[in-house]
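Below is one structure, written out as structure tokens; comments come after it.
Residue numbers (UniProt numbering): 1 to 244.
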């Protein structure tokens with residue numbers, strides 16, 4: 001029984017040492033290898049162990065002599081099978097999370113002053129700003145731009161240009177107060193400044209401020225709103241003031 005046990009152990013050793021090729025196996029790390037087995041005659045194996053008994057005891061054994069005895073040639077695994085590491089499976093790209101659609105929010109309407117600014121010319125707007133500068137420097141409240149009143153002032157300047165006159169009283173509309181009422185303008189107090197020939201807002205406001213009657217209208221604390229009308233051809237200017 002002792003010899004039989006030794007023989008089986010030796011057979012296992014030969015199978016493992018004879019080298020890698022026949023059944024395909026795969027390690028947990030992804031490499032692959034083959035194991036090859038070789039058949040030998042039992043009596044040959046017993047003779048070899050007997051001849052090498054002392055060397056086996058001492059551990060000083062030349063395993064190559066075993067291969068030579070039984071004509072076993074170690075073979076290397078084909079390159080294509082040596083530690084073939086499978087490609088890592090490509091992770092699917094995460095789809096972007098769906099964006100929550102924001103409900104459309106209705107934008108608040110522009111303030112009345114912003115609407116007014118878009119309905120008057122740049123020159124007319126500058127006249128309003130320069131007029132309010134004169135008022136605020138003296139501690140007075142700035143005037144609010146009234147687009148309806150500006151439309152009246154614009155028609156007054158056009159009327160002066162088209163009819164060839166320069167006066168507060170229009171042959172078409174009458175007095176400034178009659179004209180305002182005809183256009184549906186309500187007021188508690190009202191006034192008008194007119195000018196002709198000044199090519200810029202600075203010059204026309206300077207001219208009005210240098211005239212006592214015009215300056216009184218610009219600095220009147222009873223007025224709350226202003227309308228400005230300018231006609232470029234001939235530079236006709238009209239300021240209309242009201243207190244609401």
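Built from N, CA and C at the ideal position, the CB exists for glycine as well.
Below 8 Å on the Cβ atoms is my contact criterion, and I expect residue i with residue j to pass it. Report the Cβ-Cβ distance as a whole number of Å.
i	j	result
residue 240	residue 192	5 Å
residue 130	residue 205	4 Å
residue 173	residue 179	4 Å
Return yes when the Cβ of residue j is within less than 8 Å of the Cβ of residue i, no when it is not.
i	j	result
residue 146	residue 225	yes
residue 207	residue 190	no
residue 223	residue 243	yes
residue 168	residue 157	no
residue 201	residue 127	yes
Short of 6 Å in beta carbon distance, which residues of its chain neighbour residue i, apart from the five on each side in sequence? Order them along the chain.
i	result
residue 139	none
residue 120	150
residue 237	195, 204 and 230
Go through its chain and collect everything with a Cβ distance to residue i's Cβ below 8 Å, but skip five positions before and after it.
i	result
residue 152	179, 180, 183, 185, 227, 229 and 240
residue 163	170, 171 and 172
Under 7 Å Cβ to Cβ from residue i, same chain only, skipping five residues before and after it: list those, please.
i	result
residue 209	134, 215 and 218
residue 235	196, 197, 198 and 199
residue 177	190
residue 233	161
Task: 3 or more residues per run - each beta strand (DSSP E) lying fully within the segment 177-242 - done: 189-196 and 225-231
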